[in-house]
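Colleague:
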Amino acid sequence: MEVRATGRRLRVQPRKARLVAGEVKGKHAVLAMAELRYHPSKGAHLLRKVLMSAVANAVENEKRDAESLVISRIDIDEGMRMKRIRARAQGRANRILKRTSHITVVLEDGEPFSVKRSNAKPKPRPKFDGLKKKAKKDEAAEPIVAEAHESAEVAEEIPADEATIEETASEEPAADEVPAAEEPAAEEEAPAGDEADEKKEQE
């Protein structure tokens, strides 16, 4: 059994309303209302209102299931035309026709609406282990880089002349100092001279 709803003298051109009606004709009413909700044209907004009225009539008056209703027919006829004028040059005027439409939506019973679910398995989420390892390496390298910068700064603070003076002072021994190995050798030479004098006296 058919259920219908009609909207009369709606402020939209019949040509523009028919373009939207062709997109939802033959679809389930629930799906058509969802599509028309986000359609940018004005005709879609008015057609959705008439479609909602037809679904309400079927549910409240005929006790039908809203999910089993299918759009069997959409009739869009031209309504009255409001005549206006637009002022032009030299006292002339142009005619403006503001057109209206009569929209009729007819619903009938069909198969219950259901969303088809695919058997495809969801794709695995990408892993970001490589990025984590790279971040850990960067964190481990940061202290080494910081120490290298600190040593470079300390080396820059010491003047070059002082560093060379300290090196030369450490390399050259003092003039007053006598090597420890030479003192015993001199003491050993002294007894050899005394023995030579004693031999001369005996002769």
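If you count by my numbering, then the sequence shown holds residues -12 to 190, one letter each, in order. We treat Cβ as the ideally placed atom computed from N, Cα and C, and that holds for glycine. These numbers were taken from a predicted model, which means no experiment stands behind them.
Per DSSP, R60 is paired with what?
Modeller: One-based indexing of the sequence shown puts residue 60 at position 73. According to DSSP, R60 bridges with V93.
Colleague: Looking only at DSSP bridge pairs, what is K29 linked to?
Modeller: For the purposes of this step, residue 29 is taken as residue 42 along the sequence shown, with counting starting at 1. DSSP output for K29 lists no bridge partner at all.
Colleague: Assuming V57 and H15 make a contact with CB atoms under 8 Å, what is their CB distance in whole Å?
Modeller: Counting from one through the sequence shown, the residue named residue 57 turns up at place 70. Counting from one through the sequence shown, the residue named residue 15 turns up at place 28. With 8 Å as the limit, V57 and H15 qualify as a contact, their Cβ atoms being about 6 Å apart.
Colleague: Measure the C-alpha to C-alpha separation of P113 and A107 and round it to an integer number of angstroms.
Modeller: Looking up residue 113 in the sequence shown gives position 126. Looking up residue 107 in the sequence shown gives position 120. Rounded to whole angstroms, P113 to A107 spans 18 Å at the Cα level.
Colleague: Give the range of the alpha helix (DSSP H) segment to which V(-10) is assigned.
Modeller: As a first step, residue -10 must be located in the sequence shown, where it is residue number 3. Not the alpha helix (DSSP H): V(-10) falls in the beta strand (DSSP E), residues V(-10) to L(-3).
Colleague: How far does the alpha helix (DSSP H) with A16 in it extend, from its first residue to its last?
Modeller: Looking up residue 16 in the sequence shown gives position 29. First-last of the alpha helix (DSSP H) with A16: A16 to R24.
Colleague: Between V42 and G(-6), which are expected to be in contact by the criterion C-beta below 8 Å, what is the C-beta distance as a whole number of angstroms?
Modeller: One-based indexing of the sequence shown puts residue 42 at position 55. One-based indexing of the sequence shown puts residue -6 at position 7. About 14 Å; that fails the 8 Å criterion.
Colleague: Between the alpha carbons of I63 and R79, how many angstroms are there, rounded?
Modeller: Working through the sequence shown from its first residue, we reach residue 63 at position 76. Working through the sequence shown from its first residue, we reach residue 79 at position 92. Approximately 35 Å, taken between the alpha carbons.
Colleague: Give the C-beta separation of L33 and A8 to the nearest angstrom, bearing in mind that I take them to be a contact with Cβ-Cβ under 8 Å.
Modeller: Locating residue 33 in the sequence shown gives position 46, where the first residue counts as 1. Locating residue 8 in the sequence shown gives position 21, where the first residue counts as 1. Not quite, the Cβ-Cβ distance comes to about 11 Å (not below 8 Å), so this is no contact.
Colleague: Can you check which of these residues, P1, E54 and M69, is closest to A21 by C-alpha distance?
Modeller: Residue 21 sits at position 34 when you count from the first residue of the sequence shown. The option with the nearest alpha carbon to A21 is E54.
Colleague: Could you have a look at V46 and say whether DSSP puts it in helix, strand or coil?
Modeller: Position 59 of the sequence shown, counted from the first residue, corresponds to residue 46. Three-state DSSP puts V46 in a helix.
Colleague: Restricting to Cα atoms, I'd like to know which of L84, K85, N48 and K103 is closest to M(-12).
Modeller: The residue labelled residue -12 in the question sits at position 1 within the sequence shown. With distances taken between Cα atoms, M(-12) lies closest to N48.
Colleague: What number of angstroms, rounded off, separates the C-alpha of L191 from the C-alpha of R5?
Modeller: In the structure as shown, the chain starts at -12 and stops at 190, and residue 191 therefore has no counterpart that could be examined.
Colleague: Kindly indicate which three-state DSSP category E112 falls into: helix, strand or coil?
Modeller: Position 125 of the sequence shown holds residue 112. The amino acid occupying residue 112 in the given sequence is Arg; Glu does not appear at that position. Reduced to three states, the DSSP call for R112 is coil.
Colleague: Smallest Cα separation from S59: which of A19, R104 and H26?
Modeller: The residue labelled residue 59 in the question sits at position 72 within the sequence shown. The option with the nearest alpha carbon to S59 is A19.
Colleague: Following the continuous alpha helix (DSSP H) through P1, name the residue where it begins and the one where it ends.
Modeller: Sequence index remark: in the sequence shown, residue 1 carries index 14 (1-based). P1 to V11 is the span of the alpha helix (DSSP H), which, as asked, contains P1.
Colleague: Under a Cβ-count criterion, where at least 16 other Cβ atoms within 10 Å of its own Cβ denotes burial, should G30 be classed as buried or exposed?
Modeller: Here residue 30 is taken as the residue at index 43 of the sequence shown, counted from 1. G30 is buried by the Cβ-count criterion.
Colleague: Please determine whether the Cβ atom of V(-10) lies at a distance below 8 Å from any heavy atom of the ligand SAH.
Modeller: Absence of the ligand SAH is noted for the structure shown, with no ligands found whatsoever.
Colleague: Around the Cβ of A76, are there at least 16 other Cβ atoms within 10 angstroms (buried) or fewer (exposed)?
Modeller: The sequence position of residue 76 within the sequence shown is 89, counting from 1. Exposed.
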